[in-house]
Structure formats: structure tokens, C-alpha cells
DNA sequence: TTGTAGGCGTTATCAG
DNA sequence: CTGATAACGCCTACAA
């Protein structure tokens, strides 16, 4: 590079201050000189350095996004929503793939601090991680707003965009109950994540409303990944009284369940009922009608970014209460929740 | 914020230069003073500003990644590979979702220039776009290396990481031919993309080797998306002499083909044969055995980043010839390439 | 081994 | 409306 504001000033025979004014659209510049400057800028192919500008104004247009796994389509959708809003408002995005590693998360937050990012969008690795919590708190205290997405962090003093996991889950399980199911299994999400916990709560709540006792043999701990769900299914289906319905608490676990069913000749929606959390577009293409608790994932990212922008624009008023947005879920019934009742021994 | 190198210096009773030396691990600092400084840094919670540092050294640790569609799992995998390598070498990633829009691409490149990024990884929107070409050339001339990924740009004067699309495609079609197919259709990719063109070339080459005349009625223009492929399939299967095999030139088009087949009661691997380009992990979970031309996508991102890093580390030697890396493809046969020969009229 | 001082490219505050 | 000039936070000769 090399060409700077002085070069332009010299070329246009004005001072650097004037060039700066032109760049920033100050109204106090004569049209004539403005034109001159513009011309020089074009001629020299000058692009102002955001670095210098930021240093001078102490104000970046960059935000950070910490995500546990970019390969997961769910997070890609969130990113998509974020980038849409960011683009609209002229923000750049630093992306940090924490790869579900709290250590990396910590390191990335350091990097974020060094870069003097203006705000942070984060999907924490571990809902209970003390270090993350402290780091994020200190960001907020330093006037760098933080918005959590999908997963929360401890006592909820952060802004966040979540979805109504509890309600969605309850609705799904209630649907099973109305359908006549009484032995309903759940493949749980990790305990250290808000979505995992809330969906588990919803499950219990639905049972309780129907006065069905909670039977722990139908509760399988999962990790939001396919393999574990597959194994859980195996265990469930080998029981003396296997469940007639399974509630799978995220998209990947649903796949594990489906794979097990297919491999073992179980027809979904007949031999075994299944409702998943989060839709899987691909399934439609391959003719599998999975009922799911759906939500607008991309919209979650979008809203999170919008919220962050709002916070960034009105700094100072820190001690506003944390604002939490809950995205509605929608139960989409496609048939997999049904069953051939004769098969089950109620 | 506010706390800077001078605050630390004062606290440690040394000069700012010494603090700087400590930060940058200069060997010319007495252990004693170093300890003092470190302590002050901790005590004050000081984090050096990357902005100021960059401005001073004229040297960022940030690179940019321009991607046409983050929602596409193929690109997510590339990003995953990139971020792995970036993390390893301490680079931060600016992500720009061009959303297949050349205008955005242009704007993002401007932003990248303003941010004084150290290097660029780009998957161009349009292989023939003149503006993009010029912008990227000027980056290279200014010492900002550019590495293309998957898609190229015009006359190939850029570094790039591609895959052996031509060979992979030829292999797939040859497989069909060996299997006895003679009416082989192709769902093409967009003409303005290298992968699209190369796969199309491979198709023709295979036919030509087997001295099978090219029949344009079996060639359908696609756009790498599901819908168009579905429609193409519809047209193909309604012909008097429908193809017995279809080569689908990317993952999304394969889905369109599969959806069509399933919806119309065509058994893949019996009534109709299908080979796709790029594997789709999910299909395995749902029991669909699709044969595909596979490649290590994440590895492509990784290699691209490594190449970029190499370029960034040895600036100056600009006029080295562009280095192009071609990732091998692998034909994975799972059965969908087979057919019940009786069905087709050869 | 340590300190002084100038520069990196902008913006912003004053005068004029 | 325009031009000096001092920050912004750090690095790096050059001196000491």
C-alpha cells in the first residue's frame, strides 16, 4: 500500500483535514473543493485505512461471532442471519470457531479484546463455564455489548436470543400423549446447555400434566450428536417394554434415531413414533416425513445481530436490564408422530 | 477500556518501550524487569490494542474469506478447514457472505481493503466477472496474496485450490458406461463456474472415449440447486427414450434428482442410476446409498489457508508463478450406479 | 539493558 | 469553509 490521506491532500492541493472531511461527508466543504478531492481520491486509488480511523476514533465497525461448530447446519443458518443484518448496517464479522472447546473460546475472547471489537455474538461452549462468564462480563463492563444466541450462560445477566425450547418440547410430548402414547422416551441434550435443559423440562412437564409418572428408563442422556442417539435407540428398543414414541432433542440426534429405525426395519410413524427438535430440510427431499419442533433459525441470528446493534448504538445506558428474546417454535406434524397402536402394549 | 501501554509503564516504573519489548518477547529485557512488567499487565488487566499495533507495524493478522453462500454445507466445510489452519497460525478471519451477488462481492472487497487485511481467500461469485478480477489483481499487486478456492477466475493468474473435477466427472461417467449405460444424462452446473465447466468436460470426454455420440437432449442446464435439478429430472424422465443414468454435478442437484425419483416411484440403482458429485453425509443416515464423486472438502479449506500463509510469509517474491493445488477426487460406489438392465432399451 | 522520540494514518479541536 | 496540530496506542531506531 502506501498511499495515504496526505498524498491525496497534496494531489488536491488542500490539507489532510479537508480530505478527511470529504471522506466523512462533512457538510462544511465547498462543492468545488469536494469535487477536487474526490477526483484525487479516484486518481490515486485511495482507500482510507480502517485501522487508523479506528485508532483515532476508538470505534470499530467489527463484531465477533463465537460459534461451537460451523459445520453444523443449524449454526450456519444463524451465521447467515447474522451476516445479513451485519451487511445491512455495515458491520464486519470476525468468526471464531470454538469447536466446542472452552480453551479455544477463552483464547478467542482474548483475540476479540485485542481487536477492540465493538460487540460480541456468542454461542457459549459450556453454559456453566466460569471463565467464559467472567470474560464476557468484563466485556460488557467495558462497554462492549454481548448477545448470547441459543445457549445461555449461568445466571442470565446477558442479553440473549433463545427459542421457546420448553414450550416446544412440551408441545411435542403432549402431542404424543394425545396420540395415545404412554411409553415416551427422550434423547436428552447435554446438561450444560440451556436448550438441553429446557427441552428436558418440557418433557417432564408434559408427562406431569397428564399425570404420567416419569420413568427414567426411557430417559437417555445424549450429546446432540448422531452416534450417541443411535446407541440410545438401540438400548431403548431392546427393552422388554420399549417406548412407542421417542422425542429427539435436536436435529443430529433425530438422524441417529432415523438411522437406527431404518436399519432395523422399524417403520417410523407405524412401528415407532418420532418427533425431533429442529427441522432437517434434506429429509423432505428423500421422502422422510419427520414431525418436528421447528423455529426460524436464520431469524434468530438476524435478531441477535439487531439486538447487538441496538446495544452498540446506545452505549452508556449499560444498566438496562438484560433483554431476552424468545423465538416461537412451531410443531410441524408430518406423520411420524403417529403409530399403529396395535403394536404397543399400552 | 482506556488502559494503555503507558499506564502499564508507569505502574511498573519503566518506559513504554520496555513494556513493548516484554509484550513482544524481546530477549533484551532483564528477567527482573520483565517480571515487574508482567505483574503490572496482570494487575491492570492490560491487553495490547491490535489496531495500534497493526497501524504501527503495518501488518495485520487478519485475513478475509469471501463465500457465496454460508448455508451450503459444502462451503461450511471449507470454512471449517480454513478456521482450523487459521487458528493454528494465529490468524483471525473476516467472513463475508457474498450471497452469490457480484455487487456485494465488490463492496466486501472494498471493506477488505479498508481493513488492510493481510490475505484473501475467495470463492468468486462469477468466474468471468471483470470487476472482481481487477480488484483481486490489485490486491495481489499491493502485496496482499489471494487464494481462490474451488472456483477460479478467468485466466488463472491466481493461486488456487481446486479439485480434479474433470477427472472425477469422467470417472463417474465412465463407470456408467462400463455398467452398460448408453443413455446418460447430466445435470450441469452453471457455465460461469470452473467446477461446472470441468465436470461438463469430463462428461463429454468419457462419452468420446467410448465413442458414444453426445446427445444434447440428455444435457440439462442446472444451477447447482435442488429445484432446477428436480425439474430437469422431470423433463428427462418424460422423454420417449429417457436416460438410464444421470450424472448430477453437485450435492444439491443430487437431492433434486433423488426427490424426483422417490416421488415418482423410481428405485435408484434399479429403475434409474445416479451418481452425484460431492458426498451427502445425511443420506447414509436415512439409508440411501448414493454413489458419489467425493473429495475432502474441509481439507481444501485447510490447504487454501496453508497456501495463503505461505504467500503471506514470503512477501516480495510476488512474481512466483501462480501455484494451483488440485485435490484428488474419489469415486465411491454404493450401488446407485447400478440398474436393472431389462428396464432400459439399449 | 533501558529510555527518548518519531512515525503509522486518521480524526478532531482550534484558530483563522 | 479551511488549515495546523495534537491525540489515538503502539513499535522501533537511535542513544544512553
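Chains as they are written, first to last, in our numbering: chain A, 698 to 1043; chain B, 698 to 1043.
Ideal placement from N, C-alpha and C gives every residue a C-beta, glycine not left out.
For this session: In angstroms with no decimal places, state the Cα-to-Cα distance between residue 1002/B and residue 767/B.
Result: Approximately 17 Å, taken between the alpha carbons.
Problem set entry | Contact check, residue 959/B vs residue 983/A, beta carbons under 8 Å | Pairing residue 959/B with residue 983/A gives a Cβ-Cβ distance under 8 Å.
For this session: Work out the CA separation of residue 905/A and residue 874/A for me, nearest whole Å.
Result: Cα to Cα, the separation comes out at about 11 Å.
Exercise. Using the C-alpha atoms, what's the distance from residue 986/B back to residue 862/B?
Worked result: Taking the straight line joining both Cα atoms gives about 22 Å.
For this session: Can you tell me which of the three DSSP states residue 1035/B falls into?
Result: Note: residue 1035/B maps to coil in three-state DSSP.
For this session: Within the same chain, show all residues whose beta-carbon is closer than 7 Å to that of residue 848/A, passing over the 5 residues directly before and after it, in chain order.
Result: Result list for residue 848/A: 820, 821, 824, 890, 891 and 892, in chain order.
Exercise. From which residue to which residue does the beta strand (DSSP E) around residue 1024/B run?
Worked result: From DSSP, the beta strand (DSSP E) with residue 1024/B extends over 1021 to 1024.
Exercise. Would you report the Cα separation of residue 965/B and residue 992/B, rounded to the nearest angstrom?
Worked result: Note on geometry: alpha-carbon atoms of residue 965/B and residue 992/B lie some 22 Å from one another.
Problem set entry | Sequence-distant residues of the same chain with beta carbon closer than 6 Å to residue 920/B, five excluded per side | The residues are 887.
Exercise. Residue 1009/A CB to nearest chain B CB: under 8 Å?
Worked result: Chain B, which has no Cβ nearer than 8 Å to the Cβ of residue 1009/A, makes this no.
Problem set entry | Length of the line joining the Cα atoms of residue 867/B and residue 1029/B | Near 14 Å, if we compare the C-alpha coordinates of residue 1029/B and residue 867/B.
For this session: Note down, in chain order, all residues in the region 753 to 778 of chain B with a beta-carbon under 7 Å from any beta-carbon belonging to chain A.
Result: Per Cβ criterion, the list reads 767, 768, 770, 773, 774, 776 and 777.
Problem set entry | Bridge partners - residue 660/A, DSSP secondary structure assignment | Residue coverage of chain A in this structure runs from 698 to 1043, which leaves residue 660/A outside it and unanswerable.
Problem set entry | Check whether residue 1051/A and residue 1033/A have beta carbons under 8 Å apart | In the structure as shown, chain A begins at 698 and stops at 1043. Residue 1051/A is therefore absent and cannot be evaluated.
Exercise. Between the region 801 to 817 of chain A and chain B, which residues of the former have a C-beta closer than 8 Å to a C-beta of the latter?
Worked result: Within the region 801 to 817 of chain A, the qualifying residues are 801, 807, 808, 810, 811, 812 and 813.
Exercise. Can you find a C-beta in chain B that's less than 8 Å from the C-beta of residue 705/A?
Worked result: With 8 Å as the cut-off, residue 705/A does not count as an interface residue toward chain B.
Problem set entry | Per-residue DSSP class, three states only, for residue 1043/A | In this predicted model, residue 1043/A has a pLDDT of only 42, less than 50, meaning its place in the structure is not dependable; the value taken from the coordinates is given anyway. Reduced to three states, the DSSP call for residue 1043/A is coil.
Exercise. Could one say the Cβ of residue 730/B lies closer than 8 Å to chain A's Cβ atoms, at least one of them?
Worked result: Cβ-Cβ to chain A under 8 Å: no for residue 730/B.
Exercise. Three-state secondary structure (DSSP) at residue 819/A?
Worked result: Strand.
Exercise. Does the ligand SAM have even one heavy atom less than 7 Å from the beta-carbon of residue 794/B?
Worked result: Absence of the ligand SAM from the depicted structure is noted, as is the absence of any ligand whatsoever, leaving it without description.
Exercise. Under 8 Å, do residue 760/B and residue 814/B count as touching if we go by C-beta distance?
Worked result: The criterion of a C-beta distance shorter than 8 Å is satisfied by residue 760/B and residue 814/B.
For this session: Could you tell me whether the Cβ of residue 745/B comes closer than 8 Å to any Cβ of chain A?
Result: Closer than 8 Å to the CB of residue 745/B there is at least one CB belonging to chain A.
Exercise. Within the chosen definition, does the region 835 to 846 of chain B reach the region 869 to 884 of chain B through at least 3 CB pairs nearer than 8 Å?
Worked result: Judged by Cβ distances under 8 Å, the region 835 to 846 of chain B makes no contact with the region 869 to 884 of chain B, as fewer than three pairs qualify.
Exercise. Using a Cβ-Cβ distance under 8 Å, would residue 1005/A count as near chain B?
Worked result: No - not a single Cβ of chain B is within 8 Å of the one on residue 1005/A.
Exercise. Counting contacts by CB-CB distance shorter than 8 Å, is residue 1043/A in contact with chain B?
Worked result: Per-residue confidence for residue 1043/A stands at a pLDDT of 42, beneath the threshold of 50, marking its modelled position as unreliable; no derived number is given.
For this session: Label residue 957/B either buried or exposed according to how many other C-beta atoms from any shown protein chain fall within 10 Å of its C-beta, with 16 as the threshold for buried.
Result: Here residue 957/B is buried, its C-beta having at least 16 other C-beta atoms within 10 Å.
Problem set entry | Euclidean distance between Cα positions of residue 1005/A and residue 786/B | Roughly 29 Å separates the two Cα atoms.
For this session: Report the residues of the region 910 to 936 of chain B with a CB closer than 8 Å to any CB of chain A, ordered along the chain.
Result: Per Cβ criterion, the list reads 923.
Problem set entry | Continuous alpha helix (DSSP H) stretch holding residue 890/A: start and end | Going by DSSP, residue 890/A is part of no alpha helix (DSSP H) at all; its letter is neither H nor E.
Problem set entry | 7 Å Cβ shell around residue 719/A - same chain, five flanking residues per side excluded | For residue 719/A, where only same-chain residues beyond five positions count, the Cβ hits under 7 Å are 726, 731, 734 and 735.
For this session: List the residues of chain B that residue 952/A touches, going by C-beta distances under 8 Å, in chain order.
Result: Per Cβ cutoff of 8 Å: 979, 982 and 983.
For this session: State the Cα-Cα distance for the pair residue 915/A and residue 924/B, rounded to the nearest angstrom.
Result: Distance between the alpha carbons of residue 915/A and residue 924/B is about 40 Å.
For this session: Mark residue 1043/A as exposed unless 16 or more other C-beta atoms lie within 10 angstroms of its C-beta, in which case mark it buried.
Result: The predicted position of residue 1043/A is uncertain, since its pLDDT is 42 and thus under 50; no value can be drawn from it.
For this session: Identify the contact partners of residue 971/B in chain A, using a Cβ-Cβ distance below 8 Å as the criterion.
Result: Simply none; closest approach about 12 Å.
Problem set entry | Residues that residue 859/B bridges to, as DSSP identifies them | Residue 859/B is bridged by DSSP to 1023/B.
Exercise. Mind pulling the chain B residues with CB within less than 7 Å of residue 751/A?
Worked result: Residues of chain B passing the Cβ test: 748.
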